[in-house]
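> Below are the structure tokens for one structure; questions will follow.
Protein chains: 2
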Amino acid sequence: MRHHLAAAVALALGLASIPAFAAQDKPTPSAKEILAASQPSEWRTPDPDNLLYMQLPAGRVVIELAPDFTPLHAANIRTLVRGHYFDGLSINRVQDNFVAQWDDPESDGDRPDPKKLKPLGRAQRTLPPEYTRAIDPKLPWTPLPDGDVYAPEAGFVEGFPAARDPATGREWLTHCYGAVGVARDIAPDSGNGSSLYAVIGQAPRALDRNLAIAGRVLEGMPLLSSLPRGPAPMGFYTRASQRVPILSVRLASELPPAQRADIRVLRTDSATFAKLVEAKRNRRDAFYTVPAGKVNLCSIDIPVRDGGKPVIP
Amino acid sequence: MRHHLAAAVALALGLASIPAFAAQDKPTPSAKEILAASQPSEWRTPDPDNLLYMQLPAGRVVIELAPDFTPLHAANIRTLVRGHYFDGLSINRVQDNFVAQWDDPESDGDRPDPKKLKPLGRAQRTLPPEYTRAIDPKLPWTPLPDGDVYAPEAGFVEGFPAARDPATGREWLTHCYGAVGVARDIAPDSGNGSSLYAVIGQAPRALDRNLAIAGRVLEGMPLLSSLPRGPAPMGFYTRASQRVPILSVRLASELPPAQRADIRVLRTDSATFAKLVEAKRNRRDAFYTVPAGKVNLCSIDIPVRDGGKPVIP
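Here the protein sequences come in this chain order: A and B. The first sequence: position 25 = 1457 (this note's numbering), numbered continuously. The second sequence: position 99 = 1531 (this note's numbering), numbered continuously.
Written as structure tokens, this is what we have:
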């Protein structure tokens, strides 16, 4: 009783007043412990039409598209993938603490030669931007309680970190670690999904609402984040031999079910996810003596399992 | 005049109402343009007693110590460096989107054998934590205007991203990209600077006030951030051959002046730095049509020059 009172007083006074964690105190459960108690129904299986397998020499990157936010881009990327557009292209730019970008290497530079570009096939050349969308009350929204530097509200929609502005009625996906964005030229409609980037560093949130986010990497981030940084401005590689070849990109739905990975993603509107967020906000154990008391949108990992095994974030 | 009025009205209504950037509008200057107009007096030369050169096989990492925040750790690290303690040790842990850590590989694991550990020489085995310090009004404080999820105030002190809480009178360095922290065991005084880590991903701000920050990487972050991630839990390498050897660590002050790098860091209390922050908050040009209007502490690069050339962040 004495301990509880002390804790309540400490909360009223601010975190610095919380007493040191004592041996008899119950530590905040670890993410592993929280996940071990999760229910199968709290995990969703992404639609195979929204899952991309990008095969690199070192392994496979799995990306989930976000058609509720960027439907035209999702459709165009599916068309490109089905036409094997990405096969034989490469990762051409890795800028430290920013992004890894893959596309047709002939498209890089100020004045690409149109005759050398790989044809887009049946895919659209331009697309409406899809940077933001009208808030849809039917999509499950899991708000975070601690505010956000960049947006009036931050939280999760269907497994994606997102932000919204009730004043404008708009919501948008955010450039957190692992976000897959649509590169473009100056014109807002010049992105079409044939050039994509993944965030590999501190969340560049100033890009929010200026670029379309097509999806999010579920598995294989280290294959992108640990690539050598390019020596040219913006992290472009300068020699063809530095580029990382893309062996193939396929939709999970293109493969026979037996060849698809069994990928499950923890629902961001589940009780277990709420427990993870709270444990992150107020982790308190023998090591963490001062809980943050807060958590930032882009600091929350969304757990993924592949074949029943945790994907190490 | 009409344009200025429109902009003022847009600001009052919220960012979404700002009119599209037009060809006749003046774009926000780039960081390169702002830096080109900087004055020599706005750049400081770090004290050679605070500069560490860590030589890896692939190149050199330069770290600036922060003795105004962690003086006992700075002194102990200097003692370790002068005793060549780090020479022949290695980077033993690289966890994706978190940290790269270097130390005596024999110290890893749950029960290291004390007899196998490299002796610390004249350095202290334990140190007071130095997680926070009393706010010193004599240290130049450059506050940021947009708030912070984790702390009542965020800004820069002497070139380091930092946070403070006027209610407790404490300030502390923050775990932004490139921060160099002091690894420790459970006991708060068990860190001594012989095991260090650098942040290589989204800022893990929940570590703030729970670990001492000894300094910050000024140059060579890609040499740490692009290393292969370790396959074991927490990113530890599992084989000795995976470890990245540290050839040597030296203080700049140990070298003859002619052999020292000419490193300059833009003063965070300079007019040019203020312009960079403002340009980052409200970047507006033909590409960025919706300025963020805000900036997060850990999203601001602190410019560094080596031999007069910009260190590419």
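Just so it is clear, CB atoms sit at the ideal spot from N, CA and C, and this is done for glycine as well.
Looking at the strands, I want to know which residues DSSP matches up with Gln-1533 of chain B.
Bridge partners of Gln-1533 of chain B: B:Arg-1525, B:Tyr-1629.
> Could you pull the start and end residues of the alpha helix (DSSP H) that Glu-1590 of chain B belongs to?
No alpha helix (DSSP H) contains Glu-1590 of chain B, which DSSP labels as neither H nor E.
> Would a check of beta-carbon distances place Pro-1660 of chain B closer than 9 Å to chain A?
It does: the Cβ of Pro-1660 of chain B has a partner Cβ on chain A nearer than 9 Å.
> Per DSSP, what kind of secondary structure is Ser-1673 of chain A in: helix, strand or coil?
Of the three classes helix, strand and coil, the one that applies to Ser-1673 of chain A here is helix, per DSSP.
> Taking the alpha carbon of Leu-1605 of chain B as the point to measure from, which residue in B:Pro-1598, B:Gln-1691, B:Pro-1593 has its own alpha carbon closest?
Ranking B:Pro-1598, B:Gln-1691, B:Pro-1593 by Cα distance to Leu-1605 of chain B puts B:Pro-1593 first.
> Mind pulling the chain A residues with CB within less than 7 Å of Ala-1615 of chain B?
Chain A residues near Ala-1615 of chain B: none, gap ~11 Å exceeds 7 Å.
> Using the Cα positions of Ser-1773 of chain B and Trp-1475 of chain A, report the straight-line distance between them to the nearest angstrom.
The structure shown does not extend to residue 1773 of chain B, since chain B is modelled only from 1433 to 1745, so the question has no answer here.
> Going straight from the alpha carbon of Ala-1664 of chain B to that of Gly-1601 of chain B, what length do you get?
Straight-line Cα distance between these residues: approximately 40 Å.
> Grouping DSSP H, G and I as helix and E and B as strand, with all else coil, what is Ile-1645 of chain B?
Strand, per DSSP.
> Under 9 Å between C-beta atoms, does Tyr-1609 of chain B make it to chain A?
Yes, Tyr-1609 of chain B counts as interfacial toward chain A.
> Could you tell me which chain A residues have their CB closer than 8 Å to the CB of Met-1653 of chain B, listed as they occur along the chain?
Simply Asp-1528, Asn-1529.
> Taking Lys-1458 of chain A as the reference, which of A:Gly-1740, A:Gly-1520, A:Ser-1702, A:Arg-1716 has the closest Cα?
Of the candidates A:Gly-1740, A:Gly-1520, A:Ser-1702, A:Arg-1716, the one whose C-alpha sits nearest the C-alpha of Lys-1458 of chain A is A:Arg-1716.
> Thinking C-alpha only, which one of B:Lys-1464, B:Gly-1740, B:Leu-1656, B:Gln-1533 is nearest Ile-1695 of chain B?
It is B:Gly-1740 whose Cα lies nearest to the Cα of Ile-1695 of chain B.
> In chain A, which residues lie less than 8 Å from Ile-1618 of chain B when you measure between Cβ atoms?
Simply Ala-1718, Phe-1719.
> Could you pull out every residue in the same chain whose Cβ sits closer than 7 Å to the Cβ of Arg-1637 of chain B, ignoring the five residues on either side in sequence?
Cβ neighbours of Arg-1637 of chain B beyond the five flanking positions: Tyr-1582, Thr-1606, His-1607.
> In angstroms, rounded to a whole number, what distance separates the CA positions of Gly-1667 of chain B and Lys-1547 of chain A?
Looking at the two C-alpha atoms, the distance is approximately 45 Å.
> Looking at C-alpha atoms only, which residue of B:Ala-1703, B:Arg-1737, B:Arg-1671 is the closest neighbour of Glu-1538 of chain B?
The option with the nearest alpha carbon to Glu-1538 of chain B is B:Arg-1671.
> Quick one: any contact between the stretch 1649-1660 of chain A and the stretch 1650-1659 of chain B, if contact means 3 or more CB pairs under 8 Å?
Result yes; three or more Cβ-Cβ pairs closer than 8 Å.
> With DSSP as the reference, identify every bridge partner of Thr-1564 of chain A, one or two as the case may be.
Paired residue(s): none; Thr-1564 of chain A is not in a bridge.
> Taking the C-alpha atoms as reference points, what is the distance between Ala-1724 of chain B and Val-1612 of chain B?
Going from the Cα of Ala-1724 of chain B to the Cα of Val-1612 of chain B covers about 29 Å.
> Does the Cβ-Cβ distance between Leu-1553 of chain A and Tyr-1517 of chain A come in under 9 Å?
Inspection of the sequence shows that residue 1553 of chain A is occupied by Gly rather than by Leu. Contact: yes.
> So for Pro-1546 of chain A, helix, strand or coil by DSSP?
Pro-1546 of chain A: helix per DSSP, three-state reduction.
> Bridge partners of Ser-1680 of chain A, per DSSP?
Per DSSP, A:Gln-1487.
> Give the residues of chain B in contact with Leu-1743 of chain A, contact being defined as C-beta atoms less than 9 Å apart.
One point to set straight first is that residue 1743 of chain A is Val, not Leu, in the sequence displayed. Per Cβ cutoff of 9 Å: no residues; Val-1743 of chain A is ~11 Å from chain B at best.
> Could you name the residues of the stretch 1581-1592 of chain B whose beta carbon sits closer than 7 Å to any beta carbon of chain A, in the order they occur along the chain?
Answer set for the stretch 1581-1592 of chain B: Val-1581, Tyr-1582.
> Between the Cα of Met-1486 of chain B and those of B:Ala-1619, B:Val-1722, B:Glu-1686, B:Thr-1704, spot the shortest distance and give me the residue it belongs to.
The shortest Cα separation from Met-1486 of chain B among B:Ala-1619, B:Val-1722, B:Glu-1686, B:Thr-1704 belongs to B:Glu-1686.
> With 9 Å set as the bound, which would you pick, yes or no: does the beta-carbon of Arg-1641 of chain B sit closer than that to a beta-carbon of chain A?
Yes, its Cβ sits closer than 9 Å to a Cβ of chain A.
> Between which residues of its own chain and Val-1743 of chain A is the CB-CB distance below 6 Å, once the five residues before and five after are set aside?
The answer, listed in chain order, is Glu-1651, Val-1736.
> Between Asp-1578 of chain A and chain B, is there a C-beta pair that is closer than 9 Å?
Judged by the 9 Å Cβ criterion, Asp-1578 of chain A is in contact with chain B.
> Alpha carbon to alpha carbon, what distance is there between Pro-1584 of chain A and Phe-1453 of chain A?
Rounded to whole angstroms, Phe-1453 of chain A to Pro-1584 of chain A spans 34 Å at the Cα level.
> According to DSSP, what are the bridge partners of Ala-1595 of chain A?
Per DSSP, A:Ala-1586, A:Trp-1604.
> Look at the alpha carbon of Asp-1738 of chain A and the alpha carbon of Ile-1495 of chain B, and state the distance between them as a whole number of angstroms.
So the two alpha carbons sit approximately 39 Å from each other.
> Whose CA, out of A:Asp-1479, A:Leu-1512, A:Tyr-1720, lies closest to the CA of Gly-1625 of chain A?
Per the Cα distances, A:Leu-1512.
> If the cut is a Cβ gap below 9 Å, which residues of chain B does Ser-1657 of chain A touch?
Result: Asp-1528, Asn-1529, Ile-1632, Gly-1633, Ser-1657, Ser-1658, Arg-1661.
> What does the alpha-carbon distance come out to for the pair Gln-1634 of chain B and Pro-1677 of chain B?
Each residue's Cα considered, the two are about 25 Å apart.
> Based on the DSSP output, what are the partners of Thr-1574 of chain B in its beta bridges?
The partner list for Thr-1574 of chain B (beta bridge, DSSP) reads B:Phe-1588.
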